[in-house]
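Participant:
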Amino acid sequence: MPTNASASTNQVSRFRVLVADDDAGCRDSIVSLLSTDGFEALSVEGGRAVIDLFRTQVRSREQAGARGSLIQRIHFLVVDYNMPDLTGLDVVRVLRSELSLELPSILVTANFDDQLVRRFLSLGGFAVLPKPVEPVDFREMVRKLVRTRLAAKGLFGRDRTG
């Protein structure tokens, strides 16, 4: 029987993360951190790209009744707050209100303040981290998110298949 640590490591490798940031350097560094830690990280350049990606998936799924769509495979979102097309708050709001997707989300921002944190959390966001992202803080927050997801599904400490 696997230990909690080894089961958690196995489960992390099954987590897929979507990273949205208009700054290629920030986006690439977050993707690199996630990939190094065993996550499958996908990235897009902005908020509109996130919405378009999920809208397309919702339509395809509704039309074809398809299983295993990208929506089902993305486990959480890391999104920048200040993007030229949509803010990270707008992205989370649209995902929840228009597409009925409750995707756990971490907001990263250079404009960190308590009011922004409260607004994001009130939308159902998981956490807000300041930019530049500190690897230690980011990894700890991602670990908390993963533990929360696994615990909510009753999977923490168990090896699951897919």
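Going by our numbering, the letters in the sequence shown line up with residues 140 to 301, in that order. Backbone N, C-alpha and C define an ideal beta-carbon position, used for all residues, glycine too. Being a predicted model, the structure only gives us computed values, none of them experimental.
Among the candidates Val247, Asp229, Val231, whose CA atom is the shortest distance from the CA of Asp219?
Facilitator: Here the closest residue by C-alpha is Val247.
Participant: Does the count of Cβ pairs from the region 156–172 and the region 253–267 closer than 8 Å reach three?
Facilitator: With contact defined as three or more Cβ pairs closer than 8 Å, the region 156–172 and the region 253–267 are not in contact.
Participant: Report buried or exposed for Val285, applying the criterion of at least 16 other Cβ atoms within 10 angstroms of its Cβ.
Facilitator: buried
Participant: By the 10 Å Cβ neighbour count, where 16 or more other Cβ atoms means buried, how is Val252 classified, buried or exposed?
Facilitator: Per the sequence shown, residue 252 should be read as Asp rather than Val. By the Cβ neighbour-count rule, Asp252 is exposed, with fewer than 16 other Cβ atoms within 10 Å of its own.
Participant: For Val81, write down the residues that DSSP places opposite it in a beta bridge.
Facilitator: In the structure displayed, the chain extends from 140 to 301; residue 81 sits before or after that span and is not available.
Participant: Pull up the DSSP beta-bridge partners for Thr248, would you.
Facilitator: Pro269
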